[in-house]
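A.B. asks: For the sequence shown, the residue numbers in this note's numbering are 1 to 251.
Idealized CB from N, CA, C, for every residue including glycine.
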Amino acid sequence: MERKPLIAGNWKMHKTLADAREFAGAFAAGPDEWPGVDVVVCPPFTALAALQEAFEGSAVMLGAQDMFYEKQGAYTGEISGSMLQDLSCRFVIVGHSERREFIREMDEFIGLKVHAALIQGLTPILCVGENLKQREQGKALGFVRGQVEKALVDLSSAEMGGVVIAYEPIWAIGTGKTATSEEAERMCQAIRMTVAGMAGGVAQEMRILYGGSVNKENIAELMREPNIDGALVGGASLKAAEFRGIIEQAR
Ligand code: PGA
């Protein structure tokens with residue numbers, strides 16, 4: 001099963017409008033810039049409109065870092081999938097560990113968002129991953145499996161095929177400590193088997209990414225693993241040259 005590699009940049013809470021425009025200027029790409037790789041940039045909401053214009057007709061697709069599960073209504077501060085569609089978003093990150101930690105997002109809530117994203121025509125990038133304590137206690141595999149099951153439980157098999165999962169061990173995020181490619185592969189394979197248990201053959205179509213201190217030096221080794229189909233990149237996606245380097249290596 002050929003799965004198209006996907007490299008997604010997660011800017012988190014970085015970059016003013018001016019910074020975002022500067023990035024876009026340095027990152028300008030033609031429509032066929034990276035054949036064989038899907039490239040996504042997920043800026044803060046405030047920069048989406050500017051990047052929609054800047055990346056129009058280029059190979060760079062847009063994603064958001066979160067969304068709410070209702071279509072519209074009295075939900076102060078929230079953003080819906082259709083609003084993201086308006087801004088030409090194709091992807092949306094859901095359940096990032098920083099939101100689970102700081103905003104206290106729970107699995108069931110994240111599951112609602114995954115479902116809503118699919119219904120509203122966006123590809124959810126569902127983030128899962130254990131913390132250091134869970135890893136040291138040998139509980140990582142069971143914990144991550146549980147996260148996957150709880151977030152996907154209400155989906156049909158066909159819907160599951162449209163989800164991207166990003167395995168991001170919390171201890172590797174922003175720390176410079178990457179999981180070894182063997183550790184990352186073991187978990188990504190376990191995630192695929194979990195999905196296979198829920199949805200059968202569709203699991204072979206699902207793209208599974210690794211995230212956590214990915215850079216242009218370690219991406220190639222990670223992507224040589226059979227179950228790693230790309231990366232969710234934080235810090236290294238903030239600089240155009242570094243992010244471009246990761247994409248080149250991923251090819
Ligand atoms: P990092 O972040 O690449 O800076 O470790 C990854 C992420 O949190 O998505």
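Among Ser237, Ile246 and Glu105, which one has its Cα closest to the Cα of Met223?
C.D. replies: Checked all of Ser237, Ile246 and Glu105; the closest Cα to Met223 is Ile246.
A.B. asks: Glu98: which of Ala199, Gln65, Ala117 and Met61 sits nearest, CA to CA?
C.D. replies: Checked all of Ala199, Gln65, Ala117 and Met61; the closest Cα to Glu98 is Gln65.
A.B. asks: Going by beta-carbon coordinates alone, are Val94 and Ala158 separated by less than 8 Å?
C.D. replies: No.
A.B. asks: Just to check my reading of the structure: Met13 and Pro44 have Cβ atoms closer than 8 Å, yes? What is that Cβ distance to the nearest angstrom?
C.D. replies: Correct: roughly 6 Å between the Cβ atoms.
A.B. asks: For Gly63, write down the residues that DSSP places opposite it in a beta bridge.
C.D. replies: According to DSSP, Gly63 bridges with Phe91.
A.B. asks: Let me know the secondary structure DSSP gives Val148 once reduced to three states.
C.D. replies: If DSSP states are grouped into helix, strand and coil, Val148 belongs with the helices.
A.B. asks: Return the bridge partner residues of Asn218 from the DSSP annotation.
C.D. replies: Partner(s): none; Asn218 has no beta bridge.
A.B. asks: Whole angstroms are fine: how far does the CA of Lys139 sit from the CA of Arg186?
C.D. replies: Cα to Cα, the separation comes out at about 14 Å.
A.B. asks: Could you tell me the distance, in whole angstroms, from the CA atom of Leu17 to the CA atom of Asp86?
C.D. replies: For Leu17 and Asp86, the distance between alpha carbons rounds to 18 Å.
A.B. asks: Taking the alpha-carbon of Val164 as reference, which of Leu209, Arg145 and Gly200 has the nearest alpha-carbon?
C.D. replies: Cα-wise, what sits closest to Val164 is Leu209.
A.B. asks: Any heavy atom of the ligand PGA closer than 7 Å to the CB of Gly174?
C.D. replies: Yes; taking the cut-off as 7 Å, the Cβ of Gly174 has a heavy atom of the ligand PGA nearer than that.
A.B. asks: Just list the beta strand (DSSP E) runs in the region 115 to 195, keeping only unbroken ones of 3 residues or longer that don't cross its boundaries, in chain order.
C.D. replies: Taking only runs of at least 3 residues, the beta strand (DSSP E) segments lying wholly in the region 115 to 195 are 123 to 128 and 164 to 167.
A.B. asks: Using the Cα positions of Gly230 and Ala179, report the straight-line distance between them to the nearest angstrom.
C.D. replies: So the alpha carbons of these two residues sit roughly 14 Å apart.
A.B. asks: Per DSSP, Val40 is paired with what?
C.D. replies: DSSP, once it has assigned bridges, lists Ala8 and Met61 as partnering Val40.
A.B. asks: Quick check: what's the CA-CA separation for Ala59 versus Phe91?
C.D. replies: Each residue's Cα considered, the two are about 14 Å apart.
A.B. asks: Please name the residue, chosen from Ala50, Asp107, Glu105 and Leu122, that lies closest to Ser290 on a Cα-to-Cα basis.
C.D. replies: The requested residue 290 does not occur in the structure, where the chain is confined to residues 1 to 251.
A.B. asks: Could you pull the start and end residues of the beta strand (DSSP E) that Ile228 belongs to?
C.D. replies: Careful: Ile228 lies outside any beta strand (DSSP E) and carries neither H nor E.
A.B. asks: The ligand MG heavy atoms versus the CB of Leu232: any closer than 7 Å?
C.D. replies: As far as ligands go, the structure on display features the ligand PGA and does not contain the ligand MG.
A.B. asks: If you draw a straight line from the alpha carbon of Pro31 to that of Pro226, how long is it in whole angstroms?
C.D. replies: Each residue's alpha carbon lies about 28 Å from the other.
A.B. asks: Whose C-alpha, out of Trp11, Gly9 and Leu141, is nearest the C-alpha of Arg192?
C.D. replies: Considering only alpha carbons, the answer is Leu141.
A.B. asks: Terminal residues of the continuous alpha helix (DSSP H) containing Leu51?
C.D. replies: It spans Leu48 to Ala54 - the alpha helix (DSSP H) in which Leu51 sits, taken as one unbroken run.
A.B. asks: What distance in whole Å lies between the Cβ atoms of Arg251 and Phe27, which are believed to be in contact at a cut-off of 8 Å?
C.D. replies: Going by Cβ atoms, the distance from Phe27 to Arg251 rounds to 16 Å, so no, they are not a contact pair.
A.B. asks: So what does DSSP say about Arg244, is it helix, strand or coil?
C.D. replies: Note: Arg244 maps to helix in three-state DSSP.
A.B. asks: Round the Cβ separation of His115 and Leu155 to the nearest angstrom and send it over; I've been treating them as touching at under 8 Å.
C.D. replies: About 6 Å; that satisfies the 8 Å criterion.
A.B. asks: Report the CB separation of Gln137 from Ser88 in whole angstroms; it is logged as a contact under 8 Å.
C.D. replies: Incorrect: roughly 43 Å between the Cβ atoms, too far for contact.
A.B. asks: Give a yes or no on whether the C-beta atoms belonging to Pro124 and Leu132 are separated by under 8 Å.
C.D. replies: In this structure, Leu132 does not lie closer than 8 Å to Pro124 by Cβ.
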